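A.B. asks:
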Amino acid sequence: MTALTEKVVGGVLVASGPEIVPSQPTPQEIALQTIVSMEYQQIMPRATREFMLEATEREAAKEGISIEVLTAKNKTYRLLKQFDTQIATLRAQL
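For the sequence shown, the working numbering begins at 475 and goes up steadily by one.
Right under this line is the structure:
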């Protein structure tokens with residue numbers, strides 16, 4: 475956003491500018507920035523994360539292991555699922 479600035483020079487009001495006024499990010503922009511940052515920090519883009527979760531769940535199902543047991547017994551799966559849930563919560567704000 476741009477705005478003209480006003481200042482007094484020699485007792486006279488003078489407009490100068492334009493001055494660039496940064497706009498505040500929207501909640502959707504903040505959510506998207508947070509998602510990108512989280513995925514970058516964890517080196518875990520959505521496609522990779524979803525593949526890993528689905529593959530683990532599929533293998534557990536073949537072995538007759540429920541999602542509840544998988545979550546309780548497999549720390550890596552549990553942490554990845556928690557991370558994915560955080561991202562899904564943010565994605566719902568978009």
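Where is the CB? At the ideal position from N, CA and C, for every residue including glycine.
Keep in mind that this is a model prediction, so the values were computed, not measured.
Between the region 517 to 524 and the region 499 to 507, can you find at least three pairs of beta-carbon atoms closer than 8 Å?
C.D. replies: They do not touch, by the three-pair rule.
A.B. asks: Is it true that the CB of Ile541 sits closer than 8 Å to the CB of Ile509?
C.D. replies: No, Cβ-Cβ distance for Ile509 and Ile541 is not below 8 Å.
A.B. asks: Around the Cβ of Leu568, are there at least 16 other Cβ atoms within 10 angstroms (buried) or fewer (exposed)?
C.D. replies: With fewer than 16 Cβ atoms within 10 Å of its Cβ, Leu568 is classed as exposed.
A.B. asks: Closest to Phe557 by CA distance: which of Leu527, Gln507 and Ile504 is it?
C.D. replies: For the residues Leu527, Gln507 and Ile504, the minimum Cα distance to Phe557 belongs to Leu527.
A.B. asks: With Arg552 and Thr559 assumed to form a contact (beta carbons below 8 Å), what rounded beta-carbon distance in angstroms separates them?
C.D. replies: Not really, about 11 Å apart at Cβ, beyond 8 Å.
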